[in-house]
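Q: In my numbering, the protein residues as written are -4 to 169.
Beta carbons are placed, not taken as given, at the ideal position from N, Cα and C, and that holds for glycine.
Got a structure for you, written out below as C-alpha cells; questions coming shortly.
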C-alpha cells in the first residue's frame, strides 16, 4: 500500500503542474475582463481539483468540522502553516480568501501573477515597520471590499509539534 501511495505522490505532481500551466495563465489573461468573485471561483475550481487528485492519487482525505461557523461578513483567519494542503483547503472552501504572503512569491512566473490578480497581500519581510504598515493598509482595503484575510502568524511553515514563533504582524493587523 505504501508503494501505491508513493507512486500516487509522484503522479500527483504531473496533473498539478499541467493544471498550473493551463489554468493560471487563463486566470491572468481573463482577470481584467471578469469580476473579482469569478476570479475566486476560477481559483477555487483549481484548488478543489488539486484536493480531489490528492485524495485519489495520494490517499489524503479530510474531515472538516465546524464549517457552519464561518461567518458571512469578512474576517481575519489565523492558521497554522504546515504544508501546501491548508492553502488548498482554505482557497477551496473559504469564501473569497486573500492570503498574506511573502513578496518573493510574486516572482514565481504564473503562480505570482495569479496571486496578483486575486489581490493577495504581499509583505516585504526585510522592511519590518513599513511591511507591517503596508500589510495593515492592504488588509483594511480587502476587508472593506468584502474579502477574507488569511494569515499564517508564524510567517512560515512549521513542522507539527514544533514550538511556534509568532510574528507581530498578525496581531497588529487584527
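What is the DSSP secondary structure of residue 70, counted as helix, strand or coil?
A: Counting from 1 along the chain shown, the entry for residue 70 is found at position 75. The answer is coil: DSSP assigns residue 70 none of H, G, I, E or B.
Q: I need the DSSP call for residue 91, collapsed to helix, strand or coil.
A: By one-based count along the chain shown, residue 91 stands at place 96. If DSSP states are grouped into helix, strand and coil, residue 91 belongs with coil.
Q: In three-state terms, what does DSSP make of residue 158?
A: Position 163 of the chain shown holds residue 158. Residue 158: coil per DSSP, three-state reduction.
Q: Over the uninterrupted beta strand (DSSP E) stretch that includes residue 117, give me the two end residues.
A: Translated into positions along the chain shown, residue 117 becomes position 122. Per DSSP, residue 117 belongs to the beta strand (DSSP E) from 116 to 118.
Q: Shortest alpha-carbon distance to residue 169 belongs to which of 81, 44, 148, 110?
A: To locate residue 169, count along the chain shown from 1; it is residue 174. Comparing Cα positions, the closest option is 148.
Q: Among 84, 79, 77, 51, whose alpha-carbon lies nearest the alpha-carbon of residue 60?
A: In the chain shown, the residue the question calls residue 60 occupies position 65. Checking every option, the nearest Cα to that of residue 60 belongs to 84.
Q: Using the DSSP secondary-structure output, state which residues sit across from residue 97 in a beta bridge.
A: The residue labelled residue 97 in the question sits at position 102 within the chain shown. DSSP output for residue 97 lists 118 as bridge partner(s).
Q: Between the C-alpha atoms of residue 120 and residue 129, what's the straight-line distance to the nearest angstrom?
A: Within the chain shown, the letter at position 125 stands for residue 120. Within the chain shown, the letter at position 134 stands for residue 129. Those two C-alpha atoms are separated by around 11 Å.
Q: Can you find the residues in the same chain that come closer than 7 Å, C-beta to C-beta, to residue 44, ignoring five residues on each side of it along the sequence?
A: Numbered from 1 along the chain shown, position 49 holds the residue referred to as residue 44. Cβ neighbours of residue 44 beyond the five flanking positions: 14.
Q: Quick one: measure Cβ to Cβ for residue 92 and residue 36, integer angstroms, because I've assumed they're closer than 8 Å.
A: Here residue 92 is taken as the residue at index 97 of the chain shown, counted from 1. Here residue 36 is taken as the residue at index 41 of the chain shown, counted from 1. With a Cβ gap of about 12 Å, residue 92 and residue 36 do not count as contacting.
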